[in-house]
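S.K.:
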Amino acid sequence: ATKAGLAQMLKGGVIMDVMNVEQAKIAEEAGAVAVMALERIPANIRRDGGVARMSDPAMIKEIIEAVSIPVMAKCRIGHSVEAQILQAVGVDYIDESEVLTMADDKHHIGKHAFKVPFVCGCKNLGEALRRISEGAAMIRTKGEAGTGDVVEAVKHQRTVMADIRKAASMSDDELYAFAKDIQAPYHLLKETARLKRLPVVSFAAGGVATPADAALMMQLGCDGVFVGSGIFLSGDPAKRARAIVQAVTHYNNPDMLAQISENLGEAMVGISVKDEVKTGRQTSYADRGH
Ligand code: PLP
78 ATKAGLAQML
88 KGGVIMDVMN
98 VEQAKIAEEA
108 GAVAVMALER
118 IPANIRRDGG
128 VARMSDPAMI
138 KEIIEAVSIP
148 VMAKCRIGHS
158 VEAQILQAVG
168 VDYIDESEVL
178 TMADDKHHIG
188 KHAFKVPFVC
198 GCKNLGEALR
208 RISEGAAMIR
218 TKGEAGTGDV
228 VEAVKHQRTV
238 MADIRKAASM
248 SDDELYAFAK
258 DIQAPYHLLK
268 ETARLKRLPV
278 VSFAAGGVAT
288 PADAALMMQL
298 GCDGVFVGSG
308 IFLSGDPAKR
318 ARAIVQAVTH
328 YNNPDMLAQI
338 SENLGEAMVG
348 ISVKDEVKTG
358 RQTSYADRGH
């Protein structure tokens with residue numbers, strides 16, 4: 078399959094952050110379509126501060142050996158050698174992630190050069206199409222990782238969808254000008270307008286903590302959901318993981334969602350983006366760079 082074709086197989090699924098083999102097995106058991114292997118989940122990266130880098134390849138290999146579902150791992154933005162190492166380790170996907178510290182403040186990785194598919198974050202359509210133009214096989218919202226606050230993911234998804242609807246209503250002449258405005262390659266914008274969706278699989282990420290959050294992102298047009306800190310910082314990870322998987326399947330059925338949402342124990346406490354990021358007590362990962 079092509080790299081974009083591989084990513085299509087994740088559609089309708091949940092991808093969970095895991096920090097060890099035990100969590101990876103819980104995620105697989107709960108029905109995750111893939112796991113993201115990382116030493117520290119975003120909430121802990123926030124807590125710890127310092128430079129956040131690619132995880133130890135030994136830890137990633139243990140997880141690859143322990144589960145049968147695809148394993149993703151994160152490299153720093155622009156760090157093509159971390160990406161080369163992750164590809165050599167045998168990960169199934171690489172997330173070029175703003176959750177880690179940026180390694181290059183001007184350039185993202187040239188992703189066409191790799192055999193392994195990449196997923197990248199975006200806040201709007203222009204950013205999504207720039208990443209696809211660099212070779213990303215899958216897109217996700219940036220959201221605000223590690224907060225348990227879904228507000229930024231909602232904003233990014235609504236922004237992308239509104240831009241797509243705008244593009245879909247435009248004449249060719251208008252599309253050339255719009256491509257210039259949003260700094261997107263014309264051919265990818267044209268293709269997006271024709272499809273009325275991104276030309277690659279598009280997931281929600283950043284702040285999803287409950288089944289309702291996951292279903293909300295699906296109703297807003299996402300193809301699936303990444304859940305980071307929300308599962309393994311909650312009271313009952315196995316139960317919450319299963320509930321979020323079910324919520325993504327039944328995202329349009331409020332009766333099912335009501336059942337799914339019962340008795341999940343404590344959700345992650347969370348950090349309000351509005352209170353903490355905007356007062357400078359927390360860094361906005363989504364706003365790193367411009
Ligand atoms: N993501 C992060 C974390 C960034 O810092 C930047 C810009 O430097 C971007 C995305 C946006 O890059 P571009 O303007 O090429 O889309």
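Count the sequence shown with the numbering used here and you get residues 78 to 367, in order.
Where a beta carbon is used, it is the ideal one built from N, C-alpha and C, also for glycine.
#1: Straight-line CA distance for D181 to P119?
#2: Answer yes or no: do D172 and A150 have a C-beta to C-beta separation smaller than 9 Å?
#3: Using C-beta distances below 6 Å, list every residue in its chain close to G31, excluding the 5 sequence neighbours before and after it, in chain order.
#4: The ligand PLP heavy atoms versus the CB of Q260: any closer than 8 Å?
#5: My parser needs the alpha helix (DSSP H) runs of 4 or more residues fully inside the region 313 to 355; what are they?
#6: Restricting to Cα atoms, I'd like to know which of G187, I216, E139 and E159 is closest to A101.
#7: Does the beta carbon of I154 fall short of 8 Å from some heavy atom of the ligand PLP?
#8: May I have the straight-line CA-CA distance separating G366 from M215, to the nearest angstrom?
#9: Only counting runs of 3 or more residues, tell me where the beta strand (DSSP E) segments fall wholly within the region 117 to 161, in order along the chain.
#10: Give me the Cα-Cα distance between R317 and L341, rounded to the nearest whole angstrom.
#11: Note down the Cα distance separating D364 from H233, rounded to an integer number of angstroms.
#12: What I want to know is whether the C-beta of G167 ends up closer than 8 Å to one or more non-hydrogen atoms of the ligand PLP.
#13: So, G155 versus I186, is the Cβ gap smaller than 9 Å?
M.R.: Put simply:
#1: 20 Å
#2: Closer than 9 Å, so yes.
#3: Outside the shown range of the chain (78 to 367) lies residue 31, about which nothing can therefore be said.
#4: yes
#5: 314 to 326 and 331 to 337
#6: E139
#7: Result yes, Cβ under 8 Å from the ligand PLP.
#8: Bear in mind that a pLDDT of 48 at G366, under 50, signals an unreliable position, so the model cannot answer this.
#9: 148 to 153
#10: 6 Å
#11: 12 Å
#12: no
#13: yes
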